[in-house]
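Chain order of the listed sequences is G and W.
With the numbering used here applied, the first sequence covers 15 to 137.
With the numbering used here applied, the second sequence covers 44 to 151.
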Amino acid sequence: QLQLQESGPGLVRPSETLSLTCSVSGGSMGGRGYYWSWIRQHPGKGLEWIGYIYYTGSTYYNPSLQSRVTISINTPRKQFSLKLSSVTAADTAVYYCARDSLRQLYYYSMDVWGQGTTVIVSS
Amino acid sequence: DIQMTQSPSSLSASIGDRVTLTCRASQSISSYLNWYQQKPGKAPKLLIYAASTLQSGVPSRFSGSGSGTDFTLTISSLQPEDFATYYCQESHSTPQKTFGGGTKVEIK
């Protein structure tokens, strides 16, 4: 069964770059019909999609974060990563990685999630 | 951009109650609608995709309906483990993804 696990620093200083990695186990990353996503959740708030990457390296980002976000993938190592630059306190959140899967030819849904990792931006 | 609005933002219900949650899209999204359940301190869990298809392993007391702009998630008989926050998410504007603000289901 596919599992995802986020890792990275829990504390990042303002203006620096947040870097997280999602490790995939129990399956491969190279299949068609799967996008590898990052989502975040501010304290006590709802879910915000950050962006995703395809196994080919194609990326799509939330326009509100696009200027600061980079998502990359390393399929042999079964990892994908998130970098968010110039962070502020507003980037304090729980960060999740997830698999976005194609169903019934047309429908995408996030069917596997990591447990989430808390990142606090503070000096 | 498509906006997703969930109502109510919270509700109180008793064990055994039939509960209906609503999600409205700012424009037609056909059936490109997913529902997730999130418990405190846990990751979201996919319940329903394509508006009405139950994810494998999800109890049959959960059902989804709707198309276009108006969608509902129904829990036919509320169980103790169902107290959680529920989010809808549209996948029509792929690659962009948008979640609703959530509905918190609490114990009456």
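We treat Cβ as the ideally placed atom computed from N, Cα and C, and that holds for glycine.
All values reported here derive from a predicted model rather than from experimental measurement.
- Item | Where the beta strand (DSSP E) containing Val-101 of chain W begins and where it ends | Note, Val-101 of chain W: premise wrong, no beta strand (DSSP E); not H, not E.
- Contact under 8 Å by Cβ, Ser-95 of chain G with Ile-85 of chain G: yes
- Using CA coordinates, which residue listed in G:Ala-112, G:Leu-16, G:Val-38, G:Arg-117 is at the minimum distance from Asn-88 of chain G? G:Val-38
- Compare the Cα-Cα distances from Ser-95 of chain W to each of W:Glu-133, W:Ser-74, W:Gln-80, W:Phe-142 and report the closest residue. W:Ser-74
- Task: Compare the C-alpha of Ser-72 of chain G against each of G:Leu-116, G:Trp-50, G:Tyr-121, G:Gln-15 and name the closest.
- Result: G:Trp-50
- Query: Within 10 angstroms of its Cβ, does Gly-145 of chain W collect 16 or more other Cβ (buried), or is it exposed?
  - Reply: buried
- Using three-state DSSP, classify Glu-124 of chain W as helix, strand or coil. helix
- Message: For the beta strand (DSSP E) containing Val-62 of chain W, name the first residue and the last one.
- Response: 62–68
- Cα-Cα, which of W:Asp-44, W:Gly-84, W:Thr-112, W:Pro-83 is closest to Asn-77 of chain W? W:Thr-112
- Message: Against chain W, with Cβ distances strictly below 8 Å, would Trp-127 of chain G count as a contact?
- Response: yes
- Taking the alpha-carbon positions, what's the Thr-106 of chain G to Ile-64 of chain G distance? 14 Å
- Residues within the stretch 82–104 of chain W neighbouring chain G, beta-carbon criterion of under 8 Å: Lys-85, Ala-86, Pro-87, Lys-88, Leu-89, Tyr-92, Ala-93, Thr-96, Gln-98
- Specify, as a first and last residue, the run of the beta strand (DSSP E) that Asn-77 of chain W falls within. 76–81
- Message: What does the alpha-carbon distance come out to for the pair Arg-27 of chain G and Trp-127 of chain G?
- Response: 27 Å
- Query: Taking the C-alpha atoms as reference points, what is the distance between Ser-69 of chain W and Val-135 of chain G?
  - Reply: 33 Å
- Report buried or exposed for Ile-150 of chain W, applying the criterion of at least 16 other Cβ atoms within 10 angstroms of its Cβ. exposed
- Going along chain W in order, which residues have a C-beta closer than 7 Å to the C-beta of Met-124 of chain G? Leu-89
- So, is the C-beta of Leu-61 of chain G closer than 8 Å to a C-beta in chain W? yes
- Rounded C-alpha distance that separates Ser-57 of chain W from Asp-125 of chain W: 11 Å
- Query: DSSP on Ala-86 of chain W, reduced to helix/strand/coil?
  - Reply: coil
- Thr-126 of chain W versus chain G: which residues are under 9 Å apart at the beta carbon? Residue identity check: residue 126 of chain W is Phe in the sequence provided, not Thr. Per Cβ cutoff of 9 Å: no residues; Phe-126 of chain W is ~17 Å from chain G at best.
- Task: Specify, as a first and last residue, the run of the beta strand (DSSP E) that Asp-125 of chain G falls within.
- Result: 121–127
- Query: When we look at the beta-carbon of Pro-90 of chain G and count the other beta-carbons within 10 Å, is it buried (16 or more) or exposed?
  - Reply: exposed
- Message: Could you tell me which whole beta strand (DSSP E) segments of length 3 or greater appear in the stretch 33–107 of chain G?
- Response: 48–55, 61–68, 73–75, 83–88, 93–98
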